[in-house]
Amino acid sequence: MPMSFNQTIIEEFRANAGQVGGPFEGGDLLLLTTTGERTGREHTVPLGYVRADGLLLVVASAAGAPDHPQWYRNLLAHPVVRVELGTEVFETVAVPAEGTRRDRLFEAVVRAAPGYGDYQTHTERLLPVVALERSATEPPTVASLADKLLEVHTWLRAQLRHVRAETEAHFAAGPAADGRPPGLGLQIRQHCLALCEGLTHHHAGEDAAIFPALARSHPQLRETLARLGEEHRSVGRIKDGLVGLLAGIGVAEPERFRAELARMSAELEAHLDYEERELLPVLAGIPFPPRR
């Protein structure tokens with residue numbers, strides 16, 4: 301079966317350090333890998349990008365089609381995406397811009413690539429401008445399972461601080477001009493979903509593999525591991541409630557979200573502190589990646 305046009309571009313991109321010919325020759329191109337909204341499978345698409353205001357931006361233009369492209373719907377459901385740019389491969393949190401910020405960024409995009417302005421005139425939908433937000437810190441050197449645990453915990457704590465700071469700033473701004481209480485924007489939603497997804501994957505990996513292996517090799521830790529597993533379930537219940545509140549683009553109960561976020565923050569911080577105190581001395585002796 302012949303390859304699709306997109307797959308041909310993807311193969312050429314990866315074979316030539318990000319350089320391709322044809323209609324994309326000489327253009328700024330990246331590969332974006334999202335997780336399927338319903339399938340959970342990875343999907344990769346080639347996209348043009350623009351750098352503006354220090355941000356890496358992509359536009360869900362679909363060449364001016366009436367509906368949003370599937371990759372955009374995917375990142376609304378699963379905000380953590382993988383980017384291939386030249387020879388670099390890295391994860392980002394995908395955050396669509398809103399309001400006047402979206403308009404300002406779209407103007408910057410059109411100045412750099414006027415074709416997006418043409419696409420906007422061909423459709424009634426407002427073309428989403430998505431910032432691909434990369435972590436500001438360089439990943440640490442990982443030589444042991446203790447290092448890996450700290451790397452994951454550091455990311456979780458950073459996302460948690462980010463979401464809490466954005467939430468408090470949002471509420472400090474006060475009610476809208478019409479007197480209604482503030483809702484929650486996509487910036488908060490996307491970062492909170494990214495935190496919740498990361499937490500789910502981390503705890504699932506520990507429950508399925510790391511904790512059972514430690515219980516076999518270090519039976520003195522079984523009581524500690526049982527407590528950590530119970531804490532996973534407790535934090536998970538709060539997390540699932542938050543995800544439920546974020547199921548739509550808008551959040552119907554922002555005050556409840558704020559309260560549940562504070563509750564999860566307290567439980568998660570205590571859990572991470574306890575896990576590090578009890579497990580890091582043992583995990584420091586286990587190489588990562590694992591050796592045969």
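If you count the sequence shown from 1, you need to add 300 to reach the numbering used here.
For each residue, glycine too, the CB sits at the ideal point set by N, CA and C.
- Three or more beta-carbon pairs drawn from the segment 343-357 and the segment 426-433 are found closer than 8 Å, and the two stretches are therefore classed as touching.
- By DSSP's assignment, threonine 392 forms a beta bridge with Val381, Arg434.
- Secondary-structure assignment with DSSP links glutamate 530 through no beta bridge to anything.
- Note: threonine 387 is not bridge-paired with any residue in the DSSP secondary-structure output.
- In this structure leucine 528 is in contact with glutamate 575, their Cβ atoms being roughly 6 Å apart against a cut-off of 8 Å.
- Rounded to whole angstroms, the gap between the alpha carbons of glycine 544 and asparagine 316 is 43 Å.
- For glutamate 342, the three-state secondary structure derived from DSSP is strand.
- Between the segment 511-530 and the segment 406-424 there are fewer than three inter-stretch CB-CB distances shorter than 8 Å, so the stretches are not counted as touching.
- In the three-state DSSP reduction, alanine 352 falls in the strand class (E or B).
- Secondary structure note for threonine 334: its beta strand (DSSP E) is the uninterrupted segment 329-335.
- Assigned with DSSP and collapsed to three states, proline 587 falls in strand.
- Taking 8 Å as the cut-off, the beta carbon of glutamate 325 is found no closer than this to the beta carbon of alanine 377.
- Between histidine 501 and histidine 532 a beta carbon distance of about 12 Å is seen, past the 8 Å cut, so the two are scored as non-contacting.
- Annotated three-state conformation of valine 358 is strand, per DSSP.
- With fewer than 16 other CB atoms across the displayed protein chains lying within 10 angstroms of its CB, asparagine 306 is exposed.
- Between alanine 559 and the set Thr339, Ala547, Gly541, the nearest pair of CA atoms involves Gly541.
- Under DSSP, leucine 347 forms a beta bridge with Leu330.
- Residue range 305-315 is occupied by the alpha helix (DSSP H) that includes isoleucine 310.
- DSSP links valine 429 through a beta bridge to Val359.
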